[in-house]
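Report on the following structure.
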Amino acid sequence: MTDAIAEVTPDREDLKLAQRRSAAGSRRRRYLAVGAGWVGFILLWWAASALVGSEARLPSPPRVLEEIRGILAEDFWNQFWASIVRVVAGFLAAIVIGTPLGFLMGRSRYWGNFLQAPVVVAGSIPGLTYAVLAFVIFGISFWGPVMAVSLISMPYVAINVAEGVHGVNRGLVDMSRAYGRSERQVFKHVVVPSVLPFIFAGVRLSFSLAWKVGTLTEVFGSSKGIGFQIRRNFQLFNMPAVIAWVLLFIVFMLLLERLILVRMERRLFRWRQWEHDR
Amino acid sequence: MARVDIQNLKKVFPAPQKGGDPVVAIEDISLEVDGNVFVSVVGPSGCGKSTLLNILSGVETPSGGTVSVKEGDRPARLGYVFQDARLLPWRTVMDNMLYVRDDDGKTAQSSAERYLEMVGLNHTGEMFPGQLSGGMQQRVGIARAFSVEPDLLLMDEPFSHLDAITARSLRDHLQVLWTATRKTVLFVTHDVVEAVQLSDRIIVLAPGGRIFDDIAIGLEHPRRAADPKVATLQAEILGRFEEMHPSGTANLENLV
Amino acid sequence: MSSSSTTLAPPVVGQGRVRQFLVTPIGAQLTAIVVFIILWQLVTVIAPRVPGPVSVAQFLWVELSGGSHGGVVRGQFWQHFAHTLRHFSLGLLIGFVPGLLVGVLIGSSRIAQALLNDTVLVLLTLPAFVWAFLTTMWFGISWQAPVLTVAFASFPFVTINVAQGVRSITPELKNMSRAFDVPRSRQFRHLTIAAVTGYIFAGLRFAIIIGWNGILLSEWFSGQAGVGFRTRYWFDANRYRGFVGWVIVFIVFIVVLDRLILNRLQTRAFRWRDPNAADAEQVKLEQVGG
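Chains as they are written, first to last, in our numbering: chain A, 6 to 283; chain B, 2 to 257; chain C, 8 to 297.
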């Protein structure tokens, strides 16, 4: 009897192999579809450009590619570096200001209420405001974009830190106190690691936002950087160049986010992969 | 070897809701613990045993009476094992062991390793708590408590969150550690059977925070759970519990 | 565990009922506004070029009532505001409807998702000002430029949220309906539409925020009328009180619309909705900006 049953049910090894094969198959199909999507998009673009007929109105992909190559050969890295430095500087300022503010908001109900309105409004203000404000205050300068980036990211960092402070594990604090750990030790070993993931969440959330606002501010008040280049070519009505710069902007922003942020997150929070709900 | 001296301890918590009565967690407890003994504090929920530990460790302050926990003239150094392991999840096991110590360097590390070995976890130093099972994490918690070489070791129902098999294994690990180091231990539990297996003395608290009974256990250490002498004693003491706190099962015979 | 309390006490202000009121959430928010205005006034002492709250208030009064700003220039408010609102709503419509359709497509078909998702993600990362530039280059100074800026900028947000909503109709829900043998049209109606409306609303909110951003930019760079254009008018004339006044106008508009009106509507109407939707919102909040 048991022999008959054993024949009917497939061997566990065979089952696993079949599952793996089908998973690989569907993954392959997915990659193909994504690739097809991209190819389709480029073809559509090409067709549209051919229909419009004018490289000045809707440049074709090869034209844009040519433009991109030119930019990369010239001073792309110069401009890109200028933009990155501003965004990073603004981010650091956002963290430096936002973290203590978040602590304050998280630990005191009064300050949480007091600061909530300005923080929320700061998060809803259209980027244009920051860009022009920065321009008015700093003129054409490095500091304008820095200020704009820090102002727009700071609310995200503050709100996330406030959340993180609420989530500090009381049990771990009690344990530290029972073992006679000093307040400094508790802060360094319990509070900071608890809040760090939230700071990071604030950073990740506001990363692309900061990048956009920073670039917009460059559009207004900068003599360098990707935003400036886009505006310059807009004023020159150089459509292929505008599109080329925009594409480069997108590609590098996505690359930065995937490569640096995601990697940093994985390293900082290595310990999390084994945490499962108890 | 610590000396614990509690005189007329009283602890009252403010009423949880407006207009309610304040909660008397501990009404009156006087007790002295002296020497390298393993003392269990047993009682049902609401008898104040966890509150007692919190007061001893300094997390709570008494509402009345005096509490003195000393090693000779100085305040005693404490070790604490909680119901949950309370390991820092973002630090390795070894870092967790070192966190509670005041020394550092090679000596600290080798000492920590020694204690991990005593609970059979000497290969886990570089792992994160998340990679360990609940029982293993608790073992680290126990090793951690012993490793600071405390004068007084407080344990708050450390095995109550574990399954019976793991708990039994951990009791054996605990006995290994204790017979090797002979610390003063104050062990809170709701499980009388466990208390009889582990302790030299059982203090029974009644609901409301009063001492109901103080039982001395004369068997030698370590004690195997399956040992008939231990089992007989457990049955006898359980019987005394029935008298104090008759549960519904006292009437089982009438039902049959 | 009161000894290990981590809350800080509020600052001591005064005694009695005044203090009691100030410590409440509303009291704290009002205090924040008052403090902000005071700080603003202080800033004008340091930097005299920055217009103070009083002069901005005066400006707004004249602008709103259509009075004279000293000389030839008259206050114009409603014509610009209405101009912008018309284009804003049209752009939202043009962005929303395709967004809805594509979102449903992506959410319900794995193939469609694989094909289209990356394109939508790329569109999400495009800042609104790029659309402002592109549409100006294509259509010049026209009504199409601002309308299409709003449409292009808001389209990906609607798509992503709707797709998420459609995906949230988990297989279990579908199986449940099948098990009870509900006719397909009724199944579609009740299941799909009910679950998805919450996400649609979230997508609409994002569309509004970024669309508003977009139209301001478009009118700033290439408008002939409207809120963005008027803001720039005063800025170019170096009459900063006018500039700040209009900035306040458009900030107040979007804050009132989004935080006070739409926020309340959303929580009230969609209390039951999928908790995962909150994550969608939080994640997508990052994309909104310049």
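The C-beta atom is built at its ideal place from N, Cα and C for all residues, glycine as well.
Tell me the residue span of the alpha helix (DSSP H) that contains residue i.
i      : result
E28/B  : Careful: E28/B lies outside any alpha helix (DSSP H), inside the beta strand (DSSP E) at V24 to D35.
I56/B  : K50 to S58
N124/C : R117 to T132
G176/A : R175 to A183
F140/C : A135 to F146
T166/C : Q151 to R174
S155/A : W148 to H171
S72/C  : P60 to S72
V141/A : G132 to F143
L264/C : That residue, L264/C, is in no alpha helix (DSSP H); it is neither H nor E in DSSP.
F239/A : I231 to Q240
For residue i, which of helix, strand or coil comes out of DSSP?
i      : result
E72/A  : helix
E226/C : helix
S200/B : coil
V40/B  : strand
V120/B : coil
N9/B   : strand
P15/B  : coil
M110/A : helix
F213/B : strand
A285/C : Low local confidence applies: a pLDDT of 43 at A285/C is under 50, so the model's placement there is unreliable, and no value is given.
D228/B : coil
P64/A  : coil
D243/C : helix
R81/C  : strand
S134/B : coil
P90/B  : coil
R186/A : coil
G23/C  : helix
R56/C  : coil
A232/C : coil
M208/B : Sequence check: residue 208/B is Pro here, not Met. The answer is coil: DSSP assigns P208/B none of H, G, I, E or B.
S112/B : helix
S12/C  : Only weak support exists for where S12/C lies, its pLDDT of 41 falling under 50; the coordinates are left without a value.
Give the range of the beta strand (DSSP E) segment to which residue i is assigned.
i      : result
S186/B : The displayed chain sequence assigns Val, not Ser, to residue 186/B. That run of the beta strand (DSSP E) goes T185 to T190.
D157/B : L153 to D157
S199/A : Careful: S199/A lies outside any beta strand (DSSP E), inside the alpha helix (DSSP H) at V197 to G226.
V82/B  : L79 to V82
V68/B  : G65 to E72
Given a cut-off of 8 Å on the beta-carbon distance, is the pair residue i and residue j in contact?
i      : j      : result
G23/C  : G106/C : no
R202/B : I30/B  : no
P150/A : R237/A : no
I218/B : L239/B : no
V196/A : R112/A : no
H174/B : V120/B : yes
A214/C : L99/C  : yes
A38/A  : I258/C : no
G95/A  : A163/A : no
G117/A : A167/A : yes
F83/B  : G142/B : yes
Report the neighbours of residue i on chain C: residues whose CB is nearer than 7 Å to its CB, in chain order.
i      : result
W43/A  : D125
I130/A : I258
S155/A : Correct list: empty, because the minimum Cβ distance to chain C is about 14 Å.
M244/A : M144
R35/A  : A121
Name, please, each residue of chain C whose Cβ falls closer than 8 Å to the Cβ of residue i.
i      : result
I255/A : V129, T132 and L133
P123/A : A39 and F43
Which residues in chain A sit within 7 Å of residue i, going by Cβ to Cβ distance?
i      : result
F188/B : By Cβ distance, chain A contributes nothing, its closest Cβ being about 15 Å from F188/B, past 7 Å.
L223/C : P131 and L133
Starting from residue i, find everything on chain A with Cβ-Cβ shorter than 9 Å and list it in chain order.
i      : result
N220/C : P131, G132 and L133
F303/C : Residue 303/C lies beyond the stretch modelled for chain C, which goes from 8 to 297, so this question has no answer here.
Output, in chain order, the set of chain C residues within a Cβ distance shorter than 9 Å of residue i.
i      : result
V208/A : Neighbours of V208/A on chain C: none; closest Cβ ~10 Å, over 9 Å.
Please name the residues in the segment 252-265 of chain C whose beta-carbon is closer than 9 Å to at least one beta-carbon of chain A, in chain order. Cβ contacts with chain A come from V254, F257, I258, I261, V262 and D265.
Interfacial residues, the segment 177-197 of chain A to chain B, with Cβ spacing under 9 Å: So the close ones are L177, D179, M180, S181, R182, A183, Y184, G185, R186, Q190, H194 and V195.
Residues, ordered as in the chain, of the segment 135-152 of chain C that lie near chain A by beta-carbon distance below 8 Å: Answer set for the segment 135-152 of chain C: A135, F136, V137, F140, L141, T143, M144 and W145.
Determine which residues of the segment 48-59 of chain B have a Cβ less than 8 Å from any Cβ of chain A, and write them out in chain order. Answer in chain order: S58 and G59.
Going along the chain, which residues of the segment 46-68 of chain A sit with their C-beta nearer than 7 Å to a C-beta in chain C? Going along the segment 46-68 of chain A in chain order, one finds F46 and R62 with a Cβ nearer than 7 Å to chain C.
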